[in-house]
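Undergrad:
Residue numbers (this note's numbering): 665 to 932.
1) Buried or exposed: residue 789, going by 16 or more other Cβ atoms within 10 Å of its Cβ?
2) What does the Cβ neighbour count give for residue 742, buried or exposed, with the cut at 16 atoms within 10 Å?
3) Please confirm whether residue 839 and residue 784 have their CB atoms less than 8 Å apart.
4) Compute the Euclidean distance between the alpha carbons of residue 865 and residue 796, then round it to the nearest angstrom.
5) What ranges does the beta strand (DSSP E) occupy inside the segment 785-820, keeping only unbroken runs of at least 3 residues that lie completely in it?
6) Can you list, in chain order, the residues of its chain whose CB lies under 8 Å from that of residue 916, leaving out five sequence neighbours each side?
7) Report yes or no: do the segment 712-722 and the segment 897-907 share at least 3 C-beta pairs separated by less than 8 Å?
8) In or out: residue 822 buried (at least 16 other Cβ within 10 Å) or exposed?
9) What three-state label does DSSP hand residue 720 in the structure shown?
10) Here's a check: name, in chain order, each residue in its chain whose Cβ is nearer than 8 Å to the Cβ of residue 922, leaving out the five neighbours to either side.
11) Could you tell me whether any Cβ in chain B is nearer than 8 Å to the Cβ of residue 735?
12) Could you tell me the distance, in whole angstroms, from the CA atom of residue 750 to the CA atom of residue 813?
13) Would you kindly work out how many angstroms separate the C-alpha atoms of residue 754 and residue 691, rounded to a whole number?
14) Buried or exposed, going by whether 16 or more other CB atoms sit within 10 Å of the CB of residue 819?
15) Under 8 Å, do residue 752 and residue 666 count as touching if we go by C-beta distance?
16) Taking DSSP as the reference, what is the three-state secondary structure of residue 680?
17) Roughly how many angstroms lie between the CA atoms of residue 841 and residue 931, to the nearest whole one?
18) Spell out a yes or no on whether the segment 699-714 and the segment 670-690 are touching, meaning 3 or more CB-CB pairs, one atom from each, closer than 8 Å.
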């Protein structure tokens, strides 16, 4: 039986559409995650970024790969039901942590998060992947937007740098151009969400987010997980996150001393 937070219909929808809403996934951990985000913003990590150009209003902060230095994040990653829910959604016997990601849009930040797929930025590929995007504030205007079915597209979307808007890798011919889902009439899924709800989506699901034109903050915590079939792949350039010195080779499962196993159905 699936975890009580989801149904078999949810699992089927995730496999078919590459995106579903999981109500209350982190509802018992919202305060802990808020404290973690406060700590992260006060003590940014090496990958922290400000994603606005001069003259653009507001503030758009993001940072990732901080779980092993911010205790609040590690606590939630290890004690929340996220890993078990991920196993059910992916149809996987095991779940490994890939990385955490914090994204904060302060009030009056009109800049949207560009449309992109996460997968092409990463050095991991596989059918069994899931990201959980969870707001720590109620969201209406600044919610996540996902294109249903885009995880099944035959060609990946070109990864670009958010601030400079340049191509991430030199081999752009191997990718499809970034589409405009609104103009092209694509099936866009977006949800009004309460703190602790989570959008679950495949690494290859095209997604973006609206700007935050409200008068309240929009703090979001994302958790990236992988399953049984995820393998390390070589990319034509530095990946994001880069994880320098990982020493993995193509076709290898992610090393568990860096990417810990969070769930194993055999021992559950």
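Note that CB positions come from ideal geometry on N, CA and C, so glycine has one too. Keep in mind it's a predicted model, so treat the numbers as computed, not measured.
TA: By the coordinates alone:
1) Residue 789 is buried by the Cβ-count criterion.
2) exposed
3) yes
4) So the two alpha carbons sit approximately 7 Å from each other.
5) If one requires a minimum length of 3 residues, the beta strand (DSSP E) runs lying completely within the segment 785-820 are 793-799 and 808-811, in chain order.
6) 895 and 896
7) The answer is no - the segment 897-907 does not touch the segment 712-722, with fewer than three Cβ pairs under 8 Å.
8) With 16 or more neighbouring CB atoms inside 10 Å of its own CB, residue 822 falls in the buried class.
9) coil
10) Answer for residue 922: 907 and 910, listed in chain order.
11) The chain inventory of the structure shown lacks chain B, comprising one protein chain alone.
12) 18 Å
13) 22 Å
14) Exposed, because fewer than 16 other Cβ atoms sit within 10 Å of the Cβ of residue 819.
15) For residue 752 and residue 666, yes; Cβs fall inside 8 Å.
16) helix
17) 44 Å
18) no
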